[in-house]
């Protein structure tokens, strides 16, 4: 899979707007899983049916992660 060493923390959504990276994960057939860094910050991992996973923002930005 595609597991970055320093995942970008997922920004908090405001006014009920969905996180675009989370929405994209689901649009391409993935399932979002919220993970925690040792410092308590959160980030989203997009898990795919074929067993691969990718940090949601890396997937959203097209940084080498494929659905």
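Numbering (our numbering), first residue to last: 14 to 80. Virtual Cβ for every residue (Gly too), placed ideally from N, Cα, C.
List the residues that DSSP assigns as beta-bridge partners of residue 66. 60
I'd like to confirm the pairing. Which residues does DSSP put opposite residue 79 in its beta bridges? Looking at the DSSP assignment, residue 79 forms no beta bridge with any residue, so it has no partner.
My understanding is that residue 1 touches residue 39, with C-beta atoms under 8 Å, so please give their C-beta distance in whole angstroms. No statement about residue 1 is possible, as the shown extent of the chain runs from 14 to 80 and does not include it.
Please list, in chain order, all residues of the same chain as residue 44 whose beta carbon is under 6 Å from its beta carbon, the five residues on each side excluded. 60
Could you check which residue in 51, 75, 41 has the C-alpha nearest to that of residue 62? 41
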